[in-house]
(Lines of atoms letter the chains of each structure in order from A and count residues from 1; the text may use other names and numbers.)
(Lines give C-alpha, C1' and ligand atoms only; values in the text may rest on other atoms or scores of the structure.)
Protein backbone atom coordinates (compact mmCIF):
# COMPACT_ATOMS: atom_id res chain seq x y z
CA UNK A 1 0.00 0.00 0.00
CA UNK A 2 2.72 2.58 0.76
CA UNK A 3 4.19 2.08 -2.74
CA UNK A 4 0.82 2.80 -4.36
CA UNK A 5 0.50 6.00 -2.34
CA UNK A 6 4.03 7.03 -3.34
CA UNK A 7 3.21 6.42 -7.02
CA UNK A 8 0.14 8.66 -6.76
CA UNK A 9 2.14 11.39 -5.06
CA UNK A 10 4.85 11.22 -7.73
CA UNK A 11 2.24 11.36 -10.50
CA UNK A 12 0.78 14.52 -8.95
CA UNK A 13 4.22 16.13 -8.58
CA UNK A 14 5.10 15.30 -12.19
CA UNK A 15 2.03 17.03 -13.56
CA UNK A 16 3.06 19.60 -16.13
CA UNK A 17 1.86 23.15 -16.65
CA UNK A 18 -1.78 24.15 -16.31
CA UNK A 19 -3.70 25.79 -19.15
CA UNK A 20 -4.06 29.48 -18.37
CA UNK A 21 -6.90 31.74 -19.48
CA UNK A 22 -7.15 35.50 -19.89
CA UNK A 23 -10.29 37.47 -20.72
CA UNK A 24 -10.32 41.23 -21.21
CA UNK A 25 -13.46 43.20 -21.97
CA UNK A 26 -14.00 46.85 -22.81
CA UNK A 27 -17.12 48.93 -23.34
CA UNK A 28 -17.01 51.29 -26.30
CA UNK A 29 -19.40 54.19 -26.87
CA UNK A 30 -20.13 53.26 -30.48
CA UNK A 31 -22.46 50.81 -32.23
CA UNK A 32 -21.22 47.24 -32.55
CA UNK A 33 -21.19 47.49 -36.36
CA UNK A 34 -18.79 50.45 -36.20
CA UNK A 35 -16.46 48.63 -33.79
CA UNK A 36 -16.60 45.45 -35.88
CA UNK A 37 -15.77 47.56 -38.92
CA UNK A 38 -12.49 48.51 -37.25
CA UNK A 39 -11.40 44.96 -36.26
CA UNK A 40 -13.05 42.69 -38.84
CA UNK A 41 -10.10 42.55 -41.24
CA UNK A 42 -7.90 39.69 -40.01
CA UNK A 43 -5.13 41.06 -42.24
CA UNK A 44 -5.07 44.52 -40.65
CA UNK A 45 -4.35 44.20 -36.93
CA UNK A 46 -1.94 47.12 -37.32
CA UNK A 47 -4.96 49.37 -37.99
CA UNK A 48 -5.92 49.17 -34.32
CA UNK A 49 -3.24 47.42 -32.25
CA UNK A 50 -0.38 49.77 -31.30
CA UNK A 51 2.27 47.01 -31.06
CA UNK A 52 1.83 45.85 -34.66
CA UNK A 53 3.79 47.62 -37.39
CA UNK A 54 2.37 45.62 -40.31
CA UNK A 55 0.85 42.28 -41.19
CA UNK A 56 -0.03 40.08 -44.11
CA UNK A 57 -2.21 37.03 -44.55
CA UNK A 58 -2.23 34.12 -46.95
CA UNK A 59 -6.01 34.11 -47.50
CA UNK A 60 -7.69 37.12 -45.87
CA UNK A 61 -10.64 36.33 -43.59
CA UNK A 62 -10.96 32.70 -44.66
CA UNK A 63 -10.35 29.97 -42.07
CA UNK A 64 -6.89 28.52 -42.56
CA UNK A 65 -5.44 31.91 -43.50
CA UNK A 66 -1.99 32.41 -41.99
CA UNK A 67 -1.24 35.87 -40.60
CA UNK A 68 2.27 37.14 -39.99
CA UNK A 69 2.45 40.07 -37.60
CA UNK A 70 5.51 42.31 -37.78
CA UNK A 71 5.83 43.98 -34.40
CA UNK A 72 7.34 47.36 -33.70
CA UNK A 73 10.88 46.51 -32.65
CA UNK A 74 11.33 43.80 -35.28
CA UNK A 75 9.88 40.57 -33.83
CA UNK A 76 7.25 38.52 -35.66
CA UNK A 77 4.30 36.37 -34.61
CA UNK A 78 2.61 33.83 -36.91
CA UNK A 79 -1.06 32.96 -36.40
CA UNK A 80 -3.71 30.97 -38.25
CA UNK A 81 -7.39 31.83 -38.51
CA UNK A 82 -9.61 29.02 -37.21
CA UNK A 83 -13.12 30.52 -37.42
CA UNK A 84 -14.53 33.70 -38.90
CA UNK A 85 -18.14 34.76 -38.24
CA UNK A 86 -18.93 38.13 -39.84
CA UNK A 87 -22.61 37.96 -38.82
CA UNK A 88 -21.69 37.08 -35.23
CA UNK A 89 -18.88 39.67 -35.26
CA UNK A 90 -16.17 37.33 -34.02
CA UNK A 91 -13.16 35.36 -35.10
CA UNK A 92 -10.89 32.78 -33.53
CA UNK A 93 -7.23 32.16 -34.22
CA UNK A 94 -4.24 30.17 -32.98
CA UNK A 95 -0.60 31.21 -32.61
CA UNK A 96 1.60 28.96 -34.71
CA UNK A 97 4.82 30.79 -33.76
CA UNK A 98 4.44 33.09 -30.74
CA UNK A 99 7.70 34.93 -31.40
CA UNK A 100 8.49 36.96 -28.25
CA UNK A 101 5.26 36.04 -26.42
CA UNK A 102 6.13 33.50 -23.67
CA UNK A 103 3.30 31.06 -24.46
CA UNK A 104 2.65 27.74 -26.18
CA UNK A 105 -0.59 26.26 -27.57
CA UNK A 106 -2.24 29.68 -27.60
CA UNK A 107 -5.74 30.07 -29.03
CA UNK A 108 -7.90 33.17 -28.90
CA UNK A 109 -11.28 34.65 -29.81
CA UNK A 110 -12.25 38.29 -30.20
CA UNK A 111 -15.89 39.32 -30.42
CA UNK A 112 -18.09 42.41 -30.51
CA UNK A 113 -21.59 42.55 -29.02
CA UNK A 114 -24.07 45.41 -28.92
CA UNK A 115 -24.92 46.90 -25.53
CA UNK A 116 -27.52 49.68 -25.61
CA UNK A 117 -26.17 52.45 -27.85
CA UNK A 118 -22.64 51.10 -27.45
CA UNK A 119 -20.81 47.83 -27.63
CA UNK A 120 -18.66 45.43 -25.67
CA UNK A 121 -15.53 43.86 -27.09
CA UNK A 122 -14.30 40.65 -25.46
CA UNK A 123 -10.87 39.20 -26.20
CA UNK A 124 -10.16 35.86 -24.58
CA UNK A 125 -7.32 33.43 -24.86
CA UNK A 126 -6.17 30.10 -23.50
CA UNK A 127 -2.55 28.97 -23.50
CA UNK A 128 0.26 27.26 -21.66
CA UNK A 129 3.35 29.02 -20.39
CA UNK A 130 6.35 29.26 -22.68
CA UNK A 131 8.39 26.63 -20.83
CA UNK A 132 6.63 23.32 -20.07
CA UNK A 133 9.22 22.15 -17.54
CA UNK A 134 8.38 21.98 -13.84
CA UNK A 135 10.70 24.86 -12.90
CA UNK A 136 10.56 27.34 -15.79
CA UNK A 137 12.68 30.49 -15.77
CA UNK A 138 10.76 33.58 -14.59
CA UNK A 139 10.49 35.03 -18.10
CA UNK A 140 8.68 31.88 -19.37
CA UNK A 141 6.53 30.87 -16.37
CA UNK A 142 2.75 31.14 -15.85
CA UNK A 143 2.95 34.67 -14.47
CA UNK A 144 5.02 35.91 -17.43
CA UNK A 145 2.60 34.32 -19.90
CA UNK A 146 -0.47 35.79 -18.20
CA UNK A 147 1.17 39.21 -17.93
CA UNK A 148 2.17 39.20 -21.62
CA UNK A 149 -1.26 38.16 -22.91
CA UNK A 150 -3.05 40.58 -20.58
CA UNK A 151 -0.78 43.38 -21.79
CA UNK A 152 -1.44 42.55 -25.44
CA UNK A 153 -5.20 42.55 -24.90
CA UNK A 154 -5.32 45.74 -22.80
CA UNK A 155 -3.11 47.68 -25.22
CA UNK A 156 -5.18 46.61 -28.20
CA UNK A 157 -8.58 47.16 -26.61
CA UNK A 158 -7.58 50.53 -25.14
CA UNK A 159 -6.35 51.75 -28.51
CA UNK A 160 -9.44 50.36 -30.25
CA UNK A 161 -11.66 52.36 -27.88
CA UNK A 162 -9.68 55.54 -28.55
CA UNK A 163 -9.82 55.05 -32.33
CA UNK A 164 -13.52 54.23 -32.53
CA UNK A 165 -14.71 56.83 -30.03
CA UNK A 166 -12.46 59.45 -31.64
CA UNK A 167 -11.09 60.70 -28.33
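Numbering (the numbering used here), first residue to last: 1468 to 1634. Positions of the beta carbon are idealized from the N, C-alpha and C atoms, including for glycine. As the structure is a computational prediction, the values presented were derived from the model and not from experiment.
Please state if the CB of residue 1597 and the CB of residue 1569 are separated by a distance shorter than 7 Å. By 1-based counting over the chain shown, the position of residue 1569 is 102. By 1-based counting over the chain shown, the position of residue 1597 is 130. For residue 1569 and residue 1597, yes; Cβs fall inside 7 Å.
So for residue 1617, helix, strand or coil by DSSP? Stepping through the chain shown from its first residue, residue 1617 is reached at position 150. In this structure, residue 1617 counts as helix in the three-state DSSP scheme.
Opening and closing residue of the alpha helix (DSSP H) in which residue 1650 lies: Lying before the first or after the last residue shown, residue 1650 is absent from the chain, which here runs from 1468 to 1634.
Span of the beta strand (DSSP E) around residue 1559: Here the question's residue 1559 lines up with position 92 in the chain shown. Per DSSP, residue 1559 belongs to the beta strand (DSSP E) from 1557-1564.
What ranges does the beta strand (DSSP E) occupy inside the region 1537-1602, keeping only unbroken runs of at least 3 residues that lie completely in it? 1543-1552, 1557-1564, 1570-1582, 1585-1596
Please go through the same chain and pick out, in chain order, the residues whose beta-carbon is closer than 6 Å to the beta-carbon of residue 1532, but skip the five residues on each side of it. One-based indexing of the chain shown puts residue 1532 at position 65. The residues are 1524, 1525, 1526, 1548.
By the DSSP assignment, the beta strand (DSSP E) with residue 1524 in it spans what residues? The residue labelled residue 1524 in the question sits at position 57 within the chain shown. Taken as a continuous stretch (DSSP letters only), the beta strand (DSSP E) holding residue 1524 covers 1519-1524.
Under the DSSP definition of a beta bridge, which residues are partnered with residue 1486? Position 19 of the chain shown, counted from the start, is the residue given in the question as residue 1486. Residue 1486 pairs with nothing; no bridge assigned.
The region 1510-1525 / the region 1485-1492 touching (three or more Cβ pairs under 8 Å): no
Counting only the same chain and skipping the five closest in sequence on each side, list residues whose C-beta sits under 7 Å from that of residue 1535. Numbered from 1 along the chain shown, position 68 holds the residue referred to as residue 1535. Contacts found: 1522, 1523, 1543, 1545.
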